[in-house]
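Q: I'd like to ask you about the structure that follows.
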Ligand SMILES: Cc1ncc(COP(=O)(O)O)c(C=O)c1O
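Chains as they are written, first to last, in UniProt numbering: chain A, 1 to 400; chain B, 1 to 266.
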């Protein structure tokens, strides 16, 4: 089997990825690219990263055999990679630590971030507090409303949260605004992007920092069941938790990889956030070429998902590539299906999952049902659901 | 000689500098764009930069973002923008029009179709903000074959080696972004601009336009002393935003005259 070696030097994954930015950002990205190349294999840098993952985040995150859930579903055994047990409650912290350590080495005293669900914002604010960096988080005004607890958390951690009122007031607009901040404050600011999107080197760098998930999982599965799972399932917003668990498995034959997008109210309604599953056209946004939800004029359309973290019209370019080469399969789960999976995990396993991760769970249940009890499905439980309890309560007409 | 080249040659012969106003197509209303373009020419525009509305104008500040949003309310996309240029050309064959926009609308239309329609409409130059030269080689060739100029940005952070690369790909004129930031962000630093423009001149004979931070007549005057063209975007769009249907043309023309006078005074 050919060894997977992506992206190329300029950040292309086949026809996807690249560096589609205004000239004002080119040098900053070049500086970042050079610094990342310098440190990505530097033993001291990697040791510091590993130390923080262990002592600050609490890694390795365990893998848990969800026996009662597997029995109830009937079919394959469902295992959960517990990223929800990380400090700050999601996989996002892995990446923010990596980038913040890089920011420190580059001598940048200020970090900025975009956030949707608020998990990446919280993770950035957390590491900024720990390293003594100034932190500004851009968040769509709509998301500020639906993720109030995380907004407060960021403020407690000393970050400034800027509500973004432009465009659709969600994640993509927060990313636009963070980019605008970055070009304005390039000399003292490091932009910590929260997913495997953006211009090169971000998709590669974020993947590398998140790959710890898959690297651990491979070892843990070997230990627990003496082999690798038959399928790995992860939700896809921009795609960082999915790339993190997929990446070390790409060259492993016999392991099917499933990325689960948000089907929102249903693909047929157009109100979703599933560019891969819905066969959206290829386009350019946020510095890279990828599959993009857009209208016939090439304007980005508004997306819908019950989960703010999946509410993004594009997808990381490496997922676009994995779809094209058919190494990963992409599917979508509706708001209602995700909600059912959410409640199911709460009650059968005593774990409150993030709404994003509930999409992966819902698909894993569907998939497991088609498989036999001696087969194994590994789900990346990307985060915990504490941040979502307001949303869940509101949908059930309960006031907290 | 392309329309853009002739304008610069003519101005040079007269010892004058070019004034290039920017407006977003469809702002404030699609019916007003072509009349506005003619009004700009009548009040001293040597060239027009016409913005293509986009849902995610990452390199633009709030003023031009709002212009895009106003145009998008009327569903003004690239096809309609090209129709506007075509209409403008029916009565003006002299003033160059440069389209400024983002890559995705062009890719959605398809580059081949875009170049053909742009040629047919009478577009003279294309500036695609998020297409750095490395990512648009074939598009650039297509534009060259259609005799449409490829306008590229140079920024305060562009390294000299990169300036050379960009200069090789660019035709028509070079667009120096006078500040670190988005359109309309801050006041430009004229000393820095002067230094950078002088450096760029060492690598090329192409005319150099300066924009992104020209906020008033005084800055326009200072920039005109250094550059071959002064681009006025956010300030122009602000004048549009602050007008109603009746005051639109008079307000924009008053601003244009102020700028023209300041530029011609060098
Ligand atoms: C818990 C959780 N899972 C998944 C995501 C989606 O992001 P990605 O696709 O980059 O993993 C988010 C984003 O906020 C999240 O908070």
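By construction, the Cβ of each residue, glycine as well, lies at the ideal position given by its N, Cα and C atoms.
Counting only runs of 4+ residues fully inside the stretch 229–313 of chain A, write out the alpha helix (DSSP H) ranges in chain order.
A: Taking only runs of at least 4 residues, the alpha helix (DSSP H) segments lying wholly in the stretch 229–313 of chain A are 240–246.
Q: Got a sec, what are the start and stop residues for the beta strand (DSSP E) residue 20/A sits in?
A: Counting along the chain, the beta strand (DSSP E) containing residue 20/A begins and ends at 16–20.
Q: Is the closest heavy atom of ligand 1 to the C-beta of residue 354/A under 7 angstroms?
A: Yes.
Q: Mind pulling the beta strand (DSSP E) runs of 3 or more residues that sit fully within the stretch 156–240 of chain A?
A: Complete beta strand (DSSP E) runs here, min 3: 160–164, 189–191, 231–235.
Q: Got a sec: which bits of the stretch 177–193 of chain A sit with their beta carbon under 7 angstroms from any beta carbon on chain B, in order along the chain?
A: Within the stretch 177–193 of chain A, the qualifying residues are 179, 180, 183, 184, 186.
Q: State the beta-bridge partners of residue 83/B as determined by DSSP.
A: Residue 83/B pairs with nothing; no bridge assigned.
Q: Between residue 231/B and residue 197/B, is the Cβ-Cβ spacing less than 8 angstroms?
A: No. Outside cutoff.
Q: Near residue 12/A, what residues of its chain come up, given a Cβ to Cβ distance below 6 angstroms and the 5 sequence neighbours on each side ignored?
A: Contacts found: 18.
Q: Measuring straight from C-alpha to C-alpha, what distance separates residue 318/A and residue 280/A?
A: Roughly 16 angstroms between the two C-alpha positions.
Q: When DSSP builds the beta bridges, which residues end up paired with residue 50/A?
A: BP columns for residue 50/A are empty, so no partner.
Q: Check whether the stretch 55–69 of chain A and the stretch 219–232 of chain A touch, using three or more Cβ-Cβ pairs below 8 angstroms as the test.
A: Touching, yes, given that three or more Cβ pairs across the two stretches are closer than 8 angstroms.
Q: Where do the ends of the beta strand (DSSP E) carrying residue 110/A lie?
A: Residues 110–115.
Q: Residues in the stretch 299–312 of chain A with C-beta within 7 angstroms of chain B's C-beta atoms, listed in sequence order?
A: So the list reads 299, 300, given in the order they occur along the chain.
Q: Helix, strand or coil: how does DSSP classify residue 135/A here?
A: Here residue 135/A sits in strand by DSSP.
Q: I need the boundaries of the beta strand (DSSP E) containing residue 77/A, first residue and last residue.
A: It spans 77–82 - the beta strand (DSSP E) in which residue 77/A sits, taken as one unbroken run.
Q: For residue 120/A, count the other beta carbons within 10 Å of its own beta carbon; 16 or more makes it buried, fewer makes it exposed. Which is it?
A: That one is buried.
Q: Quick one: using the 10 Å Cβ neighbour count with 16 as the cut-off for buried, is residue 142/A buried or exposed?
A: Buried is the call here.
Q: Exposed or buried, residue 1/B, counting other C-beta atoms within 10 Å across all chains shown (16 or more means buried)?
A: By the 10 Å Cβ count, residue 1/B comes out exposed.
Q: Going by C-alpha to C-alpha distance, which of 78/A, 90/A, 45/A, 31/A sits closest to residue 58/A?
A: Checked all of 78/A, 90/A, 45/A, 31/A; the closest Cα to residue 58/A is 90/A.
Q: Just mark residue 6/B as buried or exposed, buried being the case when its beta carbon has 16 or more other beta carbons within 10 Å.
A: So residue 6/B counts as exposed.
Q: Would you call the CB atoms of residue 125/B and residue 156/B closer than 8 angstroms?
A: Taking 8 angstroms as the Cβ cut-off, residue 125/B and residue 156/B do not qualify as a contacting pair.
Q: Could you tell me which chain B residues have their CB closer than 7 angstroms to the CB of residue 285/A, listed as they occur along the chain?
A: Those within 7 angstroms of residue 285/A in chain B are 56, 104.
Q: Please classify residue 83/A as buried or exposed, where buried requires at least 16 other C-beta atoms within 10 Å of its C-beta.
A: Counting Cβ neighbours within 10 Å, residue 83/A comes out buried, since at least 16 surround it.
Q: Excluding the 5 residues preceding and the 5 following residue 224/B in the sequence, name in chain order all residues of the same chain whose CB lies nearer than 6 angstroms to its CB.
A: Once the five neighbours on either side are set aside, the close Cβ partners of residue 224/B are 17, 230, 263, 266.
Q: Since residue 162/A and residue 182/B are thought to touch, with beta carbons under 8 angstroms apart, how far apart are those beta carbons, to the nearest angstrom?
A: That pair is no contact at about 15 angstroms.
Q: Taking all protein chains shown into account, decide if residue 42/A is buried (16 or more other Cβ within 10 angstroms of its Cβ) or exposed.
A: Counting Cβ neighbours within 10 Å, residue 42/A comes out exposed, since fewer than 16 surround it.
Q: Tell me the DSSP secondary structure of residue 246/B in three-state form.
A: Three-state result, residue 246/B: coil.
Q: Name the residue from 231/A, 273/A, 81/A, 272/A whose alpha carbon lies nearest to the alpha carbon of residue 217/A.
A: Looking at the Cα atoms, 81/A is the closest of the given residues.
Q: Quick one: which unbroken alpha helix (DSSP H) runs of 4-plus residues sit fully inside the stretch 119–168 of chain B? Chain order, please.
A: With a minimum length of 4 residues, the continuous alpha helix (DSSP H) runs that stay inside the stretch 119–168 of chain B are 137–145.
Q: From the DSSP secondary-structure annotation, give me the bridge partner or partners of residue 328/A.
A: Answer by DSSP bridge pairing, in chain order: 257/A.
Q: Run down chain A in chain order and give the residues with a C-beta less than 9 angstroms from the C-beta of residue 177/B.
A: Those within 9 angstroms of residue 177/B in chain A are 22, 23, 24.
Q: Let me confirm a value: residue 269/A is counted as buried when at least 16 other C-beta atoms fall within 10 Å, else exposed. Which label applies?
A: Flag for residue 269/A reads exposed.
Q: Does the distance between the C-beta of residue 235/A and the nearest non-hydrogen atom of ligand 3 fall short of 7 angstroms?
A: Ligand 3 is not part of the structure shown, which contains ligand 1 as its ligands.
Q: At the level of alpha carbons, what is the spacing between residue 185/B and residue 230/A?
A: The alpha-carbon atoms of residue 185/B and residue 230/A are separated by roughly 53 angstroms.
Q: Run the proximity test for residue 241/A: is its beta-carbon closer than 7 angstroms to any non-hydrogen atom belonging to ligand 1?
A: It does: the Cβ of residue 241/A is within 7 angstroms (strictly closer) of some heavy atom of ligand 1.
Q: Quick one: which chain B residues come within Cβ less than 8 angstroms of residue 166/A?
A: Those are 62, 65, 69, listed as they occur along chain B.
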